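S.K.:
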Amino acid sequence: MLFRLMGRRLRTGLRLLARDRFGLEIARIPEKRADVWYYEMNEKLTRRFLHFESVLRVLEDVDGCIVECGVGPGRSIFAFAIISQYLTRPRDIIGFDTFEGIPPPTAADGVENAHKTGWWRHSVDNVGDLLKHNGLAESFIAEKVSFVPGLFEDTLPSYDSAPIALLHLDVDFYESYKTALRELWPHVAPGGIVAFDEYGKSVWPGATRAVDEFFCEHEESPVKSDVADYYYVVKRREV
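Here you go:
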């Protein structure tokens, strides 16, 4: 009972935050259905939402789309969509994922993660349904959100869409981070941001190692968010 009450208060708090900070009224979700998985909010996820909002505000003068590698159930894409609609620059959102669960880890990812192959298995249709059932307008999904299924080594090298204003990496493992950074960093716009979900977290050693190895060869380096336990890199602007 206590946890249900806390959950209701957090959701009410998020609606008030959206109203006061964004001038946005978030409709109450209709009665819950047993066949629909709903996004939940807690303290960590609320801070994550604020982190995304602060990053996107920094990017208001940077052209480009939002790209996420590692979509999972679509919770981050949902946040990007909600926030981008109420900033001055709504953006296209592209999600890359196998949509068949996370691939196998390597030795660089530590023994703790050896059993996680196949976690977060959500199909493209499932993610689209989750976005819709959690209140994102179908017209926005159709016009602004697209998904690219497949392994990163097969899909990312052929990326040819708009410059990337925000690249969000939520890919867990060493090889996935290395591939995403190698293939997509050249497409990040000057002044654009690469945000990391697992960097600096001890349970994901491969993620931290991959990011550090990549940026030791670049002028940029990760900085920590002011509002949450997440890191990001800002791509240097041309002088």
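The numbering of the sequence shown is the working numbering, which starts it at 14 and goes up by one. For every residue, glycine included, the Cβ atom is placed at its ideal position computed from N, Cα and C. Predicted model, so just to flag it, every value in this text is computed and none were measured.
1) Could you tell me whether the Cβ atoms of residue 220 and residue 190 are closer together than 8 Å?
2) Is the number of C-beta pairs between the region 162–174 and the region 139–154 that are closer than 8 Å three or more?
3) Are at least three pairs of beta-carbons, each pair with one atom in the region 90–99 and one in the region 194–211, less than 8 Å apart?
4) Do residue 175 and residue 78 have their C-beta atoms within less than 8 Å of each other?
5) Between which two residues does the beta strand (DSSP E) containing residue 203 stretch?
6) Between the Cα of residue 167 and the Cα atoms of 109, 142, 203 and 122, which residue gives the shortest distance?
7) Restricting to runs no shorter than 4 residues, where is the alpha helix (DSSP H) found entirely within the region 155–234?
8) Just verifying my parser: in three-state terms, what is the DSSP assignment at residue 251?
9) For the 8 Å Cβ check, are there 3 or more pairs between the region 180–190 and the region 111–125?
10) Since residue 205 and residue 157 should fall inside the 8 Å C-beta cutoff, what is the C-beta to C-beta distance between them, to a whole number of angstroms?
11) Spell out the partners DSSP gives residue 80 in its beta bridges.
12) Apply the 10 Å Cβ neighbour rule to residue 44 and answer buried if 16 or more other Cβ atoms are within range, or exposed otherwise.
13) Where does residue 171 land, buried or exposed, given buried means 16+ other C-beta within 10 angstroms?
14) Which residue wins for smallest C-alpha separation from residue 89, given the options 62, 115, 57 and 137?
15) Apart from the five residues just before and just after residue 103, which ones in its own chain have a Cβ nearer than 6 Å to its Cβ?
16) Using only CA atoms, which one of 155, 179 and 115 lies nearest to residue 67?
17) Could you check how far apart the C-beta atoms of residue 114 and residue 183 are, in whole angstroms? I think they sit under 8 Å.
18) Nearest by alpha-carbon distance to residue 80: which of 136, 225, 173 and 117 is it?
19) Any idea what DSSP makes of residue 236, helix, strand or coil?
20) Straight-line CA distance for residue 141 to residue 91?
21) With a threshold of 8 Å on Cβ separation, who are the neighbours of residue 251 within its own chain once the five nearest residues in sequence on each side are excluded?
M.R.: A quick look at the data gives this:
1) yes
2) Judged by Cβ distances under 8 Å, the region 162–174 makes no contact with the region 139–154, as fewer than three pairs qualify.
3) Below 8 Å, too few C-beta pairs join the region 90–99 and the region 194–211 to call them touching: fewer than three.
4) yes
5) 201–209
6) 109
7) 165–168, 187–197 and 218–228
8) coil
9) yes
10) Not confirmed; about 18 Å, so no contact.
11) 107 and 180
12) No answer about residue 44 holds up, because its pLDDT of 49 lies below 50 and its placement is not dependable.
13) exposed
14) For the residues 62, 115, 57 and 137, the minimum Cα distance to residue 89 belongs to 62.
15) 97
16) 179
17) Actually they do not touch by this definition, with Cβ atoms about 14 Å apart.
18) 173
19) strand
20) Cα to Cα, residue 141 sits roughly 10 Å from residue 91.
21) The residues 203, in chain order, have a CB closer than 8 Å to that of residue 251 in the same chain once the five nearest residues on each side in sequence are set aside.
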